Amino acid sequence: MTPLLDVQNLSKNYGQRIGCKDVSFDLYPGEVMGIVGESGSGKSTLLNCLAGHLEPDHGKVLFDTKTDGLKDTVTMSEPERRMLGRTDWAFVHQHARDGLRMGVSAGGNVGERLMAVGARHYGNIRAQAADWLGRVEIREDRIDDRPTAFSGGMQQRLQIARNLVTGPRLVFMDEPTGGLDVSVQARLLDMIRELVRDLELSAIIVTHDLAVVRLLADRLMVMKDGHVVETGLTDQVLDDPQHSYSQLLVSSVLQV
Amino acid sequence: MSDYNFAYLDEQTKRMIRRAILKGLAIPGYQVPFASREMPMPYGWGTGGVQVTAACLTPDDTLKVIDQGADDTTNAVSIRRFFEKTAAINVTQATSDATVIQTRHRIPEEPLNEDQILVYQVPIPEPLRFLEPRETETRKMHALEEYGLMHVKLFEDISQHGQIATAYAYPVKVEGRYVMDPSPIPRFDNPKMEMAAIQLFGAGREQRIYAIPPYTQVVSLDFDDYPFEASKAEGACALCAADHTYLDEVIVDDDGGRMFVCSDTDYCESRRQAGHIGEQGTPYGKDAA
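Taken in sequence, the protein lines are chains X and A.
FYI, the numbering for the first sequence is 28 to 283, going by our numbering.
FYI, the numbering for the second sequence is 1221 to 1509, going by our numbering.
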């Protein structure tokens, strides 16, 4: 079985400082990978390199494209990479307003990716947008409201709908539950888990919240100072951490 | 003869502008950057159009300037005078007599021919500006032909108003490639852009020139189920009875009284000369104005 994403020796420096160093892993279709670590450990740098938002200094990011099979997204042409970015990939930002067009209605936000890949029938686009709003539990009568009129949790759900509407195969999520209160977080996590299972999505989720990865991720990667210090199955890493930093991380979680 | 160089600008500048124009004609709809000069008029009054006109004029040219279709408004009169003074060329109000027509926000009703150049004044050349404020990003979108965003605007129109409510500056796709802002002409004029004359667009403040060569395909963007429609006010011109022209609404009293008149004054006048009389019109030559 070919991996969906094959990352080899990925490194990114910011001048003298290390962003992330020598990261390698495979991601198989339908698999959810969690990346945890404290602030500044290089999680977001890694994610941005994978999603093509940053150019890595070294290494390869091989993605299983629909037409050509495994292909290095670092060296592929920009139009190709951007095309992937709006078809096979999705990127969910931590702050919904980074990933949404705040001046455009919810329907327009969801429809944008459809129109970007050539949909030109208003009725169909709107029907699909309405369908997706329903799937992320936003009432259909809010379709013409702007995201500014939405609560934080709704904005985040809208962002997810907007990203999933073109049926991507790989979803990058950067702290998808950051800044939401816990009950909203729980509902959002439930929803993401359902969507991932239903659509057989692969996902890479960056977070510092261990509960999030416990719920969503099949596999876990722990990062510190730009290096991957431990990888393994989620339960294995969380229940029996080997590296001293992983142990610290797990023991730092507040027990209620 | 005036003390200015012919048509105000120095020869080097005109040459630079002509280069931009030629590049624009070679790549229809592409916005060519150019070193816009300070002109003796405020930005927004047509500094871009004036520079393009200056670079196109020859001493044999006849110039017509219109502002919203009218020959006699401040903007049109001052630009016409400007070139009379600095280039000592002939000016006219008749569309058919002109070789160069500078326009603000209208295309003349009378079809143009191959010997004419139509110069548009453009306030904001970037059709994607209000959707994507980053210029670096919009340039990339043009380069990679990523125009999905343009439809988002039309989508928003339909969901808010039940129809495409963009009535002016209606985005077009030129020769199947570049999406272009046709300057704020009413969408009624969009179909006329496939014409015999050369069309040049100058944006002074934004420092861009773009162009449409003669007989170039210009398609107004739309949806399959909401096709483009060239719309105008219902009714006929009160002076010349034309019902196929773009009409201005004129408020005539504070009781809600109004009349519609042709926005193209030259066209309206020539119709009245030919004997067409509208509801409130008087036979040609007999009215006070």
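Heads up, the beta-carbon is just placed ideally off N, CA and C, and yes, glycines get one too.
Every value quoted in this text rests on a predicted model; they were computed, and no experiment measured them.
By the CB criterion at 7 Å, A/Ala1458 and A/Gln1500 fall inside the cutoff. Between the stretch 1270 to 1281 of chain A and the stretch 1298 to 1307 of chain A, the count of C-beta pairs closer than 8 Å reaches three or more; the two stretches touch.
Shortest Cα-Cα distance from A/Gly1368 to any of X/Lys70, X/Val137, X/Leu281 and X/Asp91 involves X/Val137.
In this structure, X/Asp171 lies away from A/Ser1440, with their beta-carbon atoms at least 7 Å apart. Under DSSP, A/Met1479 forms a beta bridge with A/Val1470. Non-local beta-carbon contacts of A/Val1285 in its own chain, meaning distances under 6 Å to residues more than five positions away in sequence, involve Ala1296, Ile1299, Arg1300 and Gln1322 in chain order.
In the assembly as shown, A/Pro1253 is an exposed residue. Its beta-carbon has fewer than 16 other beta-carbons within 10 Å. Inclusion of X/Ala117 and X/Val198 in the CB contact set at 7 Å is warranted, their separation being smaller than that value. In the three-state reduction of the DSSP assignment, X/Met103 falls in the coil class. Contact with chain X is absent for A/Gly1396, since none of that chain's Cβ atoms lies less than 7 Å from the residue's Cβ. Nearest CB-CB separation between A/Ile1471 and chain X: not below the 7 Å threshold. At a cut-off of 7 Å between beta-carbon atoms, A/Ile1429 makes no contact with chain X. Nearest to A/Arg1326 by C-alpha distance, out of A/Gln1288, A/Gly1424 and A/Lys1243, is A/Gln1288.
Take the alpha-carbon of X/Thr258 and the one of X/Val88: they are about 18 Å apart. At a cut-off of 7 Å between beta-carbon atoms, X/Pro106 makes contact with chain A. Residues of chain X with a Cβ closer than 7 Å to the Cβ of A/Tyr1446 are, in chain order, Tyr149. The Cβ-Cβ distance between A/Asp1463 and A/Val1481 does not fall below 7 Å. For the stretch 124 to 152 of chain X, the set of positions with a beta-carbon nearer than 9 Å to some beta-carbon of chain A reads Arg128, Gly130, Val131, Ser132, Gly134, Gly135, Asn136, Gly138, Glu139, Arg140, Leu141, Met142, Ala143, Val144, Gly145, Ala146, Arg147, His148, Tyr149, Gly150, Asn151 and Ile152 in chain order.
One thing to note: X/Val211 has its Cβ no nearer than 7 Å to the Cβ of X/Gly161.
X/Trp116 carries a strand assignment under DSSP once its states are collapsed to helix, strand and coil. For a cut-off of 8 Å, the C-beta gap from X/Leu265 to X/Leu237 is around 6 Å, short enough to register as a contact. A residue is called buried when at least 16 other Cβ atoms come within 10 angstroms of its Cβ; A/Met1370 meets this threshold and is buried. Closest by C-alpha distance to A/Ser1490, out of A/Gln1313, A/Leu1351 and A/Asn1410, is A/Gln1313. Chain X has a Cβ within less than 7 Å of the Cβ of A/Val1372. At least 7 Å separates the CB of X/Asp266 from every CB of chain A. Counted as a single uninterrupted DSSP element, the stretch harbouring A/Glu1449 is not any alpha helix (DSSP H), since DSSP gives it neither H nor E. Taking 8 Å as the cut-off between beta carbons, the residues of the stretch 168 to 186 of chain X near chain A are Ile170 and Asp171, in sequence order.
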